[in-house]
Amino acid sequence: MTRLTMLAFFALAFGAGISSVQAAEPPPAPAASPAVRAAPTPTRIRRWYGWQTLIGIGAADTVAFPLSWVKLALFGPITLGLRAFVPPIVHWSHGHIGKGFGSLALNLCLPAATAGIGFALGLKWADYSPGVSWISGGFIGILAAPTIDMAVLSTEEVEVPAKRASSPLLPRVMAVVPMVAADRVGLTLIGQL
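According to mature numbering (1 follows the signal peptide of the UniProt record, and there is no 0), the stretch in the sequence shown is residues -23 to -1, 1 to 170, in order.
Shown next, in the form of structure tokens:
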């Protein structure tokens, strides 16, 4: 054998031996993994939903009060019923059953109580007709009941999900949708930034 082949043989054998020794050694311990970020916990906030009651009562009054002037015997009870049942329906739609029944009691009992107080005050003072005092007291109760309801009962605790980090250049939602018109067919790219 020539010297060159012997050197090549030893070099290959020595290299293979080193690589097998290196493979037999246990791999080094992995470096400490970076701390895993815990998902941010959603925060809880108090949210006021009395504006929905205000819109419902405003819509009911806008329709029913003018009709009450036309035919009080027919539309008066409808107006009072709408004013009594709109706030509890809003509470029930938010899943607050107890608040809804409390609101119903408030919106039925407070106008009746203030009407009774007005009637009693009208009897005490001979200057005023008890009927006028009764109507005035009831009107005060009709206005006060939803106001108290919206101020005191119309709040709830809701979870606000943590905001995701998003790129300002890429849309958050993207989709390819078919586009079909009378003169063309194709695909459209839609997205929301």
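C-beta atoms are modelled at their ideal positions from N, C-alpha and C, and glycine is treated no differently.
Report task. Measure from the alpha carbon of G168 to the alpha carbon of each residue in V63, A152, W102, then state which is nearest. Result -> A152
**Message:** I'd like the list of long-range same chain contacts for D126, defined as Cβ closer than 8 Å, with 5 residues on each side in sequence excluded.
**Reply:** G27, T30, P64, S80, L83, N84
* To do: Would you decide whether L164 is buried or exposed? Buried here means 16 or more other CB atoms lie within 10 Å of its CB.
  => exposed
Check your understanding: Would you say T91 and I74 are within 8 Å of each other, going by their C-beta atoms?
Key -> no
Worksheet item: Which residues mark the beginning and the end of the alpha helix (DSSP H) in which A122 is found?
Response: 107 to 125
For W102, three-class secondary structure by DSSP:
coil
Next on the checklist: Taking the alpha carbon of A37 as the reference point, which residue from I94, V162, G58, F78 has its own alpha carbon closest?
Outcome noted: G58
Measuring alpha carbon to alpha carbon, tell me which residue in T56, I112, F78, S110 is nearest I34. T56
*Would you mind giving the Cβ-Cβ distance between V109 and I22, rounded to the nearest angstrom? I have them listed as a contact below 8 Å.*
That belief does not hold up - the Cβ atoms of V109 and I22 are roughly 46 Å apart, past 8 Å.
| task | Specify, as a first and last residue, the run of the alpha helix (DSSP H) that P155 falls within. | result | It is not in any alpha helix (DSSP H) - P155 instead sits in the beta strand (DSSP E) that spans 150 to 157.
- So, A128 versus P88, is the Cβ gap smaller than 8 Å? no
Margin query: Taking 8 Å as the threshold (C-beta atoms), are V135 and R24 in contact?
Written below: yes
* To do: Compare the Cα-Cα distances from residue 176 to each of A41, S45, L130, L51 and report the closest residue.
  => An answer regarding residue 176 cannot be provided, because it is not within the stretch -23 to 170 covered by the chain.
Among all the DSSP beta bridges, which residues are the ones paired with W69? Partner(s): none; W69 has no beta bridge.
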